[in-house]
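In what follows, a single structure is set out as structure tokens and then discussed.
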Amino acid sequence: MKRISLVFLLVTISTCATLPAQTFSLVTGREPVTSLDGLWRFHTGDNPAWAGPNFDDSQWPLLRSDESWDAQGYKGYGGFAWYRFTIQDSQGTPPLSLLLTGISTSYRMYADGKLIGGYGYLPPTSLTLRPIPAAYNLPLSSASGPRFIHIAVRVWQDPTWAYYEPGGTLQSGNLVGQTSLILQHIGNQTIAWAFDGGNVYAYSVLASVFGLLVLCLYLFRPAEREYLWFAVVLLASGADAAVNFALFPLVPIEVSDFTEACLFAIFHVAALLFFSLVFRARRDFWWRLACIAAVLETFATFSYTLRLTSVPVSGALQILLLLPAQLWILAALIRRAARKDADARLLLLPVLLAFGFALADNLAEMSYQFGWQRRTVSFDVPVLEHPYPLRLRALVFAIFAFAMMLFLIRRFYLARRAEERFSAEVQAARNVQQYLIPDHLPHIPGLAISSEYRPAREVGGDFFQVLHNHADDSTLIVVGDVAGHGMESGMLATLIVGAIRTAAGFTTDPARILALLNQRMQGRGLATCLALRIHRDGSAVLANAGHLPPYLNGEPLAMEGALPLGMIEGAEPFVMHFQFHPNDRLMLMSDGVAEAKDANGQLFGFDRIHELLRTDRSAVELADAAQRFGQEDDITVLSVMLTAKLQEATA
């Protein structure tokens, strides 16, 4: 068996050595696709007969199909023109398609006199699409043997673009061949276009994500509107990039230009609002002029759409109308940078790059449109080719967006530090206020005093004091409410409490104390205040400066009106005398009780207060009821009741 196997192996090797190598044929193995780049018949004008297969076009001049007619003797021609050429088809070929890389600006395709497709709009419609590659199926034939397909292309070049945009065929790459392969070529060109525009897409996503994040910051901090305007700046910039990437080949030039103009206007107005806020710049005449000009820029595109001006004149108007906003922003940045503002120094170069690049690129395009240069020059040059293409425009605006995000991150960090410092200061102020408005009232024989103090915020504007004078064995009670809310009113309440304690050191007369407080309050703010002095025999003196009347045994005391403290110098409070009897209860409160408001906007009101106090509710119960109803302001309630011990001590 081993000998047989060895013989078989030797025979096999010798046989293989005599076989010829595999042949790779360039004739039979090539793709059935043929280039259409070459000479096509051309004629200006318009005649439906030129689409016919039997039309004699031998007298028409020949033009290259990979160059525009402007480059071949028809510079600036606008209107209708026709191309004609012939395709030879062999017998038994699979379905064929024709690929055109782009014809400016619109066209209709005929094969053997029959319309097989087209691209763009023809008169009377005045809209224009940008030229893109497109494929068209050629008609099938049942005839035997080779055949000739006569192709005619009716082209419309809009005169609006004709004097600076070349007309007709624009570049090489026109093909005819098997439909499946033509579709592969279209797919490859689409992928190449998407790959080349990937940086624009990436910037669009980056700006949109950053914009949404900043918008979320604004929703959490609505008082800081700079977050809102910066979010609008980023979202408008991202939307503009998306329009250039996604809508560029899909919508008419007039629509995309108007959309871009609207986004430019939104971008610049939002940028003006943003920089005026963050740098606290005055919104003067020049600022308002820049805003108005940016808004008017939106309508500059209508001038060429309505054929009122040419395209370059419309572009020049747009540049001029956006220039005031850019100059105002740059001037504000330069002024702040000269004052050594770190934020301005961070933003100056990125903003200058973004505005400078846009201005230079637009001026280059405009000079080409006006005919000042023979070919368009774009500053949007490739910066990188590998591993992915990166163009200068995307890089510049990515630097701009990144610098703005750094600015906001720094600003957010500084704001958080300021908030922490402010929170510490508020806590210190609250501690001081709680010390001046003690939680535990002094024990006074013969008087049962209880209180509830519930500020609406960290630092309240209500105040009260209970001071016992051992010299004449009288008790001074002062209750008041500073106008306003928050830190300022809390600090003013603390000032008033200190003034009350100072005044009580040399007088216990309620009217005199309110007069001293009124003098101290001049120019500092307003506050309502009520001062009550109770003697050992139960006689009481009450002075009121615009405060709510107290309730005695559930009924409000009849009091005349009086001006609040701090309103008019020398104003006199209302003064009244009454007698306390054993088990009489006097309830003093701030207007935060009556002005409590529910979800429907209904006030707690005096009727509810009256009803509760008629059932002998305590200070805690009254404060609880108002707070549950819907606290809007600081709530202060003091309950003062005369006990039998005071009468016994007097006897």
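Residues 1090 to 1740 (the working numbering) are what the sequence shown spells out, left to right.
Note that the Cβ used here is the ideal one computed from N, Cα and C, for glycine as well.
C-alpha distance - S1728 paired with A1513, whole-angstrom precision: Within the model, the alpha-carbon separation for S1728 versus A1513 is close to 33 angstroms.
6 angstroms CB neighbourhood of A1715 in its chain, flanking five on each side removed: Excluding five sequence positions before and after A1715, the CB atoms of its chain that fall closer than 6 angstroms to its own CB belong to V1682, A1685, F1693 and I1724, given in chain order.
Contacts around T1394, its chain only, beta-carbon distance under 6 angstroms, and the 5 residues preceding and following it disregarded: Hits under 6 angstroms: E1343.
Cβ-Cβ distance between A1592 and L1605 below 7 angstroms: With respect to L1605, A1592 sits close: the two C-beta atoms are nearer than 7 angstroms.
Residue interval of the alpha helix (DSSP H) (run including S1297): Element bounds for S1297: G1287 to F1309.
Where A1629 falls: helix, strand or coil (DSSP): Note: A1629 maps to strand in three-state DSSP.
Where S1114 falls: helix, strand or coil (DSSP): Caution is warranted here: a pLDDT of 40 is assigned to S1114, below 50, making its placement in the model unreliable, and no coordinate value can be reported.
Rounded C-alpha distance that separates A1504 from I1355: Cα to Cα, the separation comes out at about 27 angstroms.
6 angstroms Cβ shell around A1487 - same chain, five flanking residues per side excluded: If you ignore the 5 residues before and after A1487, its C-beta comes within less than 6 angstroms of the C-beta of Y1292, all in its own chain and listed in chain order.
Where Q1716 falls: helix, strand or coil (DSSP): When DSSP states are grouped into helix, strand and coil, Q1716 belongs to the helix group.
Given 8 angstroms, three or more beta-carbon pairs between the segment 1163-1179 and the segment 1127-1143: Touching, yes.
Residue span of the beta strand (DSSP E) that contains P1471, given as start and end: That run of the beta strand (DSSP E) goes P1471 to L1473.
Segments assigned alpha helix (DSSP H), at least 4 residues, entirely inside the segment 1651-1683: Segments of the alpha helix (DSSP H) lying fully in the segment 1651-1683: 1680-1683.
Contact the segment 1384-1399 vs the segment 1362-1371: 3+ CB pairs below 8 angstroms: No, the segment 1384-1399 is not in contact with the segment 1362-1371.
Nearest-angstrom Cβ-Cβ length linking T1217 and P1341, presumed shorter than 8 angstroms: That belief holds up - the Cβ atoms of T1217 and P1341 are roughly 6 angstroms apart, short of 8 angstroms.
A1647 versus H1559 - alpha carbon distance: So the two alpha carbons sit approximately 30 angstroms from each other.
V1340 (DSSP reduced to helix, strand or coil): Looking at V1340 - three-state DSSP - the assignment turns out to be coil, as it is neither helix nor strand.
Alpha-carbon spacing of S1456 relative to W1250, whole angstroms: So the two alpha carbons sit approximately 14 angstroms from each other.
Sheet register partners of E1644 (DSSP bridge): Checking the DSSP bridge columns, you'll see E1644 partnered with L1641.
Whole-number beta carbon distance between R1500 and N1288, since they are thought to touch under 8 angstroms: The beta-carbon distance between N1288 and R1500, rounded to whole angstroms, is 28 angstroms. This is too long to meet the 8 angstroms contact definition.
Close beta carbons around P1401, own chain, < 8 angstroms, minus the five adjacent residues each side: Closer than 8 angstroms at the Cβ level, and outside the excluded window around P1401, lie Y1253, M1455, Q1458 and F1459.
Same chain only: Cβ atoms within 8 angstroms of Q1668, ignoring 5 sequence neighbours per side: Within the same chain, Q1668 has close Cβ partners G1627, S1628 and A1629.
Straight-line Cα distance separating N1263 from S1157: Each residue's Cα considered, the two are about 13 angstroms apart.
6 angstroms CB neighbourhood of L1619 in its chain, flanking five on each side removed: By the criterion of a C-beta distance shorter than 6 angstroms, L1619 is surrounded in its chain by V1568, N1633 and H1636, once the five residues flanking it on both sides are discounted.
Counterpart residues of A1170 in DSSP-defined beta bridges: Paired residue(s): T1133 and V1244.
Straight-line Cα distance separating V1242 from A1330: The straight-line gap separating the alpha-carbon atoms of A1330 and V1242 is approximately 34 angstroms.
For G1209 and P1220, the rounded distance between their alpha carbons: If I take the Cα positions, the gap works out to 8 angstroms.
Chain-order list of residues whose beta-carbon lies under 7 angstroms from that of A1405 (same chain, five-residue window excluded): Cβ neighbours of A1405 beyond the five flanking positions: M1455.
Beta-carbon spacing of L1411, H1357 below 7 angstroms: Yes, the pair counts as a contact, with Cβ atoms nearer than the cut-off.
Counted within 10 angstroms of its Cβ, other Cβ atoms place L1229 as buried (16 or more) or exposed: Residue burial is scored here from C-beta neighbours: L1229 has fewer than 16 other C-beta atoms within 10 angstroms and is therefore classed as exposed.
Residue environment, S1269, which counts as buried when at least 16 other CB atoms sit within 10 Å: Exposed, because fewer than 16 other Cβ atoms sit within 10 Å of the Cβ of S1269.
Close-in-space but distant-in-sequence residues of the same chain around A1708 (CB under 8 angstroms, 5 per side omitted): These residues qualify, in order along the chain: S1539, S1540, E1541, M1676, V1726, L1727 and S1728.
H1666 to L1621 span [Cα, whole Å]: Distance between the alpha carbons of H1666 and L1621: 10 angstroms.
Per-residue burial, I1657 [other beta carbons within 10 Å of its own, 16 or more giving buried]: So I1657 ends up on the exposed side.
Cβ distance (whole Å) where V1485 is taken to contact L1419 below 8 angstroms: That pair is no contact at about 15 angstroms.
Straight-line Cα distance separating D1247 from F1113: Reliability fails at F1113, whose pLDDT of 41 lies under 50, so the model's placement of it is uncertain and no value is given.
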